[in-house]
Amino acid sequence: MGRDVVRTFFQCISKCPRTNKGDNLIKTAVEQSSMAADIMNDVEPTSALLPTQPSTRNGPPSDSPPSAGKLSPFSSALVPIPRNHIDSGDAEGDCDTAQYIINCLHYNMAIDPSVVITLRTRWATMQPTKSFCEGSLLPLAGILDRNKFIRRLHLSGAGVTNVKATAGNGDSNARILHQVLLSNDSINILDISNTGIDDSGLAEVCQGMAVNSAVTTLNVARNCFSAQGALMLEDMLQKNTRLKYLDVSRNALGFKCINRLQCCAKLRNVEMRVEGNYVFEEILNSLTHGLGFIASVVGTLLLMSAASAPGTTPYHWWSCLLFSLSLMMLYISSSLYHSFFMLPHAKDVLQILDHVGIYLLIAGSYSPIMMIALHHSHRANLLLLLEWLTAFGGICVSIASSGVGVSNQATNLVEVFIFLGMGCAAFGIWDDLVANLPATALYLLVGGGMAYIIGVVFFILGEIKPIYHMVWHMFVMLGSLLHWLCVYHFVVGMGLVATQQR
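With the numbering used here, letter number 316 in the sequence shown gets 299, and the count goes up by one each step, no holes.
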C-alpha cells in the first residue's frame, strides 16, 4: 500500500515536461521514495498521513481495501487522484513537493496540505494549517534552506496545544529555523508568534538571524522567553543589518528590557511593536481607576440623593445624572482597558471607550454648573451646547481614526489639545462664574481644572516611561474629586431663581 502512494504521485509528475535540473532532482527523490514506501507497507494509510479519528457514522471501519481509486498523499482517505490537474512544468516545485511528502512518510508525520500547495504552485506565502505542530518543520529541513520563491513564512500558532502555547513547544521548530536562516536568502517576513518559543528556542532563531541577509520583518510576539531572551534579541539587532521591523508585543518583558531593545533598535532604524510588555505598570493603572470607579458609584448615590431632595428641579436631577454617569463611564472603561492589555482586539475596543469616557466626563462636569448655577445665562447655555457637540465630534474622530490605522501617538496628541480646549473654555464665562458661585466653589472648580492640566504632562510622559501614566491617573482622580465636591456642596443645593444673568 505504501508503494502505491509514492508511485501514484511520481507517475503523475512523470507526465509533465522537465528541465535537466528537474530530472536530476526527481531521480534523486524517486530513489529515496523506496525507503519511505517500505515504511508504509506495514502501516495503515491513515496512521502515516493525517491522524484523524475513525468515522463511525456508517458503522465500524471495514478491513477490506477500497474497490477503486488511488491513495492521495493529501488526504487520509482513499480518493482518486485527477492526473490532469497536475499540469505544472516546474521541476523545482515538483521535486520540493515530492521531497516533502517523502520526508513526511519517512518520519511518520502528517502531510500538511497548505505546505504542499505552496511548494507545488511555487507560492510566495507559506502558512501551514493549524495541525502544524511542534516539530512539523522537520520534513521541510533541506527544502526551505535552498528555496528561492517563498517570501513570507507564517508559522503563528505552530506548536500550540489546547489553544495556549506552552513554553518550549516551539523550540524544535526553532532549531530547524536556525538552519534555514543560515542558508535561505529569499524569506523576507518571518512570523513565529504564539509558538511557545522560550529562551532556548529564541537563541536558535537569533543565531540564524544574526547572519541572515533577507528577513526584514520578524514577529516573535506572544511567546515564552524572558529577559535573557531579550538580551539575545539585542545582540542580534547589533549584528543584523537587514531587519526593519521587530514585533515583541505581549511577552511581558517589563520596561527595562523593552527600553534596552528600543534604544538598540533606534540606532539601527528598526521599528518596534512593544505593547503588552508593561505588566507592573498596567496593573497599577487598572487598580487606580478601579478604585476610582468604586468611589464614583458611592459619589453617584450621594449626589443623586441630594438632587432628588425637596425643592430641586428636573434640571438638578438630569444634570447630576449626566455628571455621575460620565464619572462612572470614565473609570470603568479606563480600568478595563488597562486590564486587557494582553488582548489586542479587546484592548482596541476598550481604548476607544476610554477616550469616549474622557470626552463625556469633560462635558458632564460642565452640566451641573451650567444647568443649575448659571441656568439663566445665555452664554453658559451656549457653552454647554458647544461642549457636548465637541464631545460627540471628538468621539467620532476617535472611532474613525481607529478604523483607518492612524498611529496612537498622532491621535493622542490631537485629542490632548481637544481635551485642553474643552476644559479651558470655562474661562470664556468667568464673569458669570464669579457672580454666581461662592469663593470656595470657585477654588474647587479651578483646582480640579489645574489637576487635569498638570496631569496631561504626565500623560505625555507616559508615552516614554509607562509608569508616568499611573501618575496621570492619580491627577484625574484628584480633579474629578474636587469637581464632585464643588457640585455636591455648593451647586446641587442652589435654587434656579438664585442665579444671576450676565
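Note that the Cβ used here is the ideal one computed from N, Cα and C, for glycine as well.
| query | result |
| --- | --- |
| Once you ignore the five residues that flank Leu465 on each side, which residues in its own chain have a CB closer than 8 Å to its CB? | Leu427, Leu428, Gly430, Gly431 and Ala434 |
| Are the CB atoms of Thr178 and Gly153 nearer to each other than 7 Å? | yes |
| Assign Thr524 to one of three DSSP states: helix, strand, or coil. | Missing from the structure shown is residue 524; the chain here goes from -16 to 485 and no further. |
| Classify Thr108 as helix, strand or coil using the three-state DSSP reduction. | strand |
| Any contact of the region 279 to 286 with the region 240 to 254, i.e. 3+ C-beta pairs under 8 Å? | no |
| Here's the rule I'm using: 16 or more other beta-carbon atoms within 10 Å means buried, otherwise exposed. How should Gln36 be labelled? | Residue placement at Gln36 cannot be trusted, given a pLDDT of 40 that sits under 50; what the coordinates show is reported in the next sentence. Gln36 should be labelled exposed. |
| Does DSSP put Asp414 in a helix, a strand or coil? | helix |
| So, do the region 309 to 321 and the region 331 to 343 have three or more beta carbon pairs nearer to each other than 8 Å? | yes |
| Excluding the 5 residues flanking Ala157 on each side, which residues of the same chain have their C-beta closer than 6 Å to its C-beta? | Ile180, Gly184, Glu187 and Val188 |
| Quick one: which unbroken alpha helix (DSSP H) runs of 4-plus residues sit fully inside the region 355 to 440? Chain order, please. | 361 to 386, 391 to 407 and 413 to 419 |
| Between which two residues does the beta strand (DSSP E) harbouring Leu173 extend? | Ile172 to Asp174 |
| Taking only the alpha-carbon atoms, compute the straight-line gap between His358 and Ser307 and give it to the nearest angstrom. | 19 Å |
| Return the chain-ordered list of same chain residues with a C-beta closer than 8 Å to the C-beta of Gly42, the five sequence neighbours on each side being excluded. | Its pLDDT being 43, under 50, Gly42 is placed unreliably in this model, and the value from its coordinates should be taken loosely. Nothing meets the Cβ criterion. |
| Report, in whole angstroms, the separation of the C-beta atoms of Leu416 and Ala408, which I expect to be a contact under 8 Å. | Not confirmed; about 12 Å, so no contact. |
| Alpha carbon to alpha carbon, what distance is there between Ile100 and Trp106? | 8 Å |
| Considering Cα atoms alone, identify which of Trp371, Asp230 and Ser114 is closest to Pro96. | Ser114 |
| Quick test of your reading: Val257 and Ser288, contact by CB under 8 Å. State the CB separation rounded to the nearest angstrom. | Incorrect: roughly 46 Å between the Cβ atoms, too far for contact. |
| What does DSSP give as the partner residue(s) for His137 in the beta ladder? | Asp174 |
| If contacts are defined as beta-carbon pairs under 8 Å, then His456 and His328 qualify, I think. What distance do you get, rounded to the angstrom? | The pair is not a contact, with the Cβ atoms about 24 Å apart (cut-off 8 Å). |
| Can the beta-carbon of Leu136 be found less than 7 Å from the beta-carbon of Ile170? | yes |
| Rounded to the nearest angstrom, what separates Leu305 and Ile437 at their Cα positions? | 25 Å |
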